[in-house]
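Q: Numbered per this note's numbering, the sequence shown spans residues 972 to 1324. Note that CB positions come from ideal geometry on N, CA and C, so glycine has one too.
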Amino acid sequence: MTTLSPSDKALVPFVSVDNMMRLIHHIGVEPMLVGLADYIEQDFRRWELFDKTPRVASHSAEGVIELMPTSDGEVYGFKYVNGHPRNTRDGLQTVTAFGLLADVSTGYPVLLSEMTMLTALRTAATSGLVAKYLAPKGADTMAMIGNGAQSEFQSLAMKALCGISAVRLYDTDRAASEKAARNLAGSGLAITICDTPEESIEGAQIITTCTADKQYATILTDNMVGSGVHINAIGGDCPGKTELAPAILHRSEIFVEYPPQTRIEGEIQQLGADHPVTELWRVMSGQAPGRRSPGQITLFDSVGFAIEDFSALRYVRDRIHGTGYHFDLDLLADPDDPRDLFGMLMRATPATR
Ligand code: NAD
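1. Return the CA-CA distance between Asn990 and Thr1090, expressed in angstroms with no decimal places.
2. Give the DSSP bridge partners of Arg1234, in chain order.
3. Does Thr973 come out as helix, strand or coil in the three-state DSSP assignment?
4. Would you say the beta carbon of Ala1032 comes nearer than 7 Å to a heavy atom of ligand 1?
5. Specify, as a first and last residue, the run of the alpha helix (DSSP H) that Pro1306 falls within.
6. By how many angstroms is the C-alpha of Gly1109 removed from the C-alpha of Arg1253?
7. Put Leu1191 into one of helix, strand or coil per three-state DSSP.
8. Looking only at C-alpha atoms, which of His1221, Thr1180, Gly1243 sits nearest to Pro1231?
9. Alpha carbon to alpha carbon, how far is His996 from Val986? Give it in angstroms, no decimals.
10. Would you check if the distance between the CB atom of Asp1272 and the CB atom of Val1227 is smaller than 8 Å?
11. Where Gln1176 and Thr1077 are concerned, what is the direct C-alpha to C-alpha distance, given to the nearest angstrom?
12. Leaving out five residues before and five after Gln1064 in sequence, what residues of the same chain have Cβ atoms less than 7 Å from its Cβ?
13. In terms of residue numbering, what span does the beta strand (DSSP E) encompassing Val1046 cover?
14. Is Pro1321 helix, strand or coil when you go by DSSP?
15. Is Glu1328 buried or exposed, if buried means 16 or more other CB atoms sit within 10 Å of its CB?
16. For the pair the stretch 1173-1188 and the stretch 1201-1211, tell me if three or more CB-CB distances fall below 8 Å.
17. Examine ligand 1 and report whether any of its heavy atoms sits within less than 7 Å of the Cβ of Gln1186.
18. Looking at Ile1219 and ligand 1, is the gap between the Cβ and the nearest heavy atom below 7 Å?
19. Output the distance between the C-alpha atoms of Ala1204 and Glu1037, rounded to the nearest integer angstrom.
20. So does Pro913 have its beta carbon nearer than 7 Å to some heavy atom of ligand 1?
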């Protein structure tokens, strides 16, 4: 084919996995977690501006494929993401993703990016940001239950954003804990691998559950959770997929991203539809209190919301300028005369061999 060069306005910056990793190394993992948390907090504070909808999910016996759209009126974004707990058996990731930002005024995409790495970072940044508001003062130790792909990011975000200095790892598969311990060696965190979940929560003021199993699991039972802790529940994020015993929910002050989505997907799917929850954007914009007393159990029932992905894509768009960590995709047809799409096709004649 003889191809015609597209004009600059039709080229879409694309951040591949390789370039995302270069960008993360260029910025540094912890500074990037802090930067992402800042963008997420900015967007949570202007929450009411956004177009919001629970994500569009297509469920199967093996997992789920989801689309997560939102817009602030000027920029539109969406993420494609899957969740397939059995994938790791075949050497595949449980969660993979990519996402796009577009200019609302023209509808033209302005960024296409890998989001598997970025989702791990944005999920962790959100956890760290939320814990800043909810974890008990002086929290220095986190239990990390479920030591898969998200776990190192979660640990580093709690260090960078909340100041923890120790992580106690537990996973039903010890090899996962050993992998996490290896990856976190040199991070400045004191790492302990534990034999039971009970052992992992000894002395921990923050408990993160981040397991993957498509069922109502009970990772934490009621008697394991003492007063005053902050629970960062990451893994229960789908209908029929939870991690906490319902009794824990009844003892906790529950904080959520977007109630219409969390009631379908989060730990609170186990509760009545009118059980009170606090929306995090209200806490971040000063309209609702975060932790109110040292003895209170706070629970972040995290499911991951589209605005966090939007913030993360916004951050990447702002940070790739001048780095060269992207290349331009010829994604949009760009005829010289916008109404002559067919003519453009005809001019792109097959090359003579
Ligand atoms: P992963 O498959 O890489 O890791 C999950 C780990 O959990 C594995 O090491 C597994 O051995 C361990 N595990 C399973 N059952 C356990 C149990 N009973 N006790 C202790 N460990 C157990 O998955 P991942 O990518 O790390 O994701 C973890 C979970 O987080 C998934 O359920 C995923 O859907 C969810 N997630 C949530 C968000 C969010 O925004 N809330 C974002 C990304 C991922």
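A: In brief:
1. Taking the sequence shown and counting its residues from 1, the one referred to as residue 990 is at position 19. Taking the sequence shown and counting its residues from 1, the one referred to as residue 1090 is at position 119. Separation of Asn990 and Thr1090 (C-alpha to C-alpha, rounded to the nearest whole angstrom) is 15 Å.
2. The count along the sequence shown starts at 1 and reaches residue 1234 at position 263. Arg1234 is not bridged to any residue.
3. In the sequence shown, the residue the question calls residue 973 occupies position 2. Since pLDDT at Thr973 reaches only 49, below the 50 mark, its modelled position is unreliable, and the value read off the structure follows with that caveat. Thr973 falls in the coil class under three-state DSSP.
4. The sequence position of residue 1032 within the sequence shown is 61, counting from 1. No, the beta carbon of Ala1032 sits no closer than 7 Å to any heavy atom of ligand 1.
5. Numbered from its first residue, the sequence shown carries residue 1306 at position 335. Pro1306 -> no alpha helix (DSSP H), and no H or E assigned at all.
6. To locate residue 1253, count along the sequence shown from 1; it is residue 282. To locate residue 1109, count along the sequence shown from 1; it is residue 138. Straight-line Cα distance between these residues: approximately 23 Å.
7. Residue numbering aside, residue 1191 sits at position 220 when the sequence shown is read from its first letter. For Leu1191, the secondary structure class from DSSP, reduced to helix, strand or coil, is strand.
8. As a position in the sequence shown, residue 1231 is number 260, starting the count at 1. Checked all of His1221, Thr1180, Gly1243; the closest Cα to Pro1231 is Gly1243.
9. To locate residue 986, count along the sequence shown from 1; it is residue 15. To locate residue 996, count along the sequence shown from 1; it is residue 25. So the two alpha carbons sit approximately 14 Å from each other.
10. Position 301 of the sequence shown, counting from 1, holds the residue named residue 1272. Position 256 of the sequence shown, counting from 1, holds the residue named residue 1227. Closer than 8 Å, so yes.
11. Here residue 1176 refers to the residue found at position 205 when the sequence shown is read from its first residue. Here residue 1077 refers to the residue found at position 106 when the sequence shown is read from its first residue. Going from the Cα of Gln1176 to the Cα of Thr1077 covers about 48 Å.
12. Locating residue 1064 in the sequence shown gives position 93, where the first residue counts as 1. Same-chain partners within the cutoff: Asn1058, Thr1087, Ala1120.
13. Here residue 1046 corresponds to residue number 75 of the sequence shown, with the count starting at 1. Start and end: 1046-1054.
14. Translated into the one-based positions of the sequence shown, residue 1321 becomes position 350. Coil, per DSSP.
15. For the chain, the structure presents residues 972 to 1324; residue 1328 sits outside this window and is missing.
16. The stretch 1173-1188 makes contact with the stretch 1201-1211, as at least three CB pairs between them are under 8 Å.
17. Taking the first residue of the sequence shown as 1, we reach residue 1186 at position 215. Checking the Cβ of Gln1186 against ligand 1 gives no.
18. In the sequence shown, residue 1219 corresponds to position 248, counting from 1. Flag unset: Cβ of Ile1219 not near ligand 1.
19. Along the sequence shown, read from residue 1 onward, the residue named residue 1204 stands at position 233. Along the sequence shown, read from residue 1 onward, the residue named residue 1037 stands at position 66. One Cα belongs to Ala1204, the other to Glu1037, and the distance between them is close to 20 Å.
20. In the structure as shown, the chain starts at 972 and stops at 1324, and residue 913 therefore has no counterpart that could be examined.
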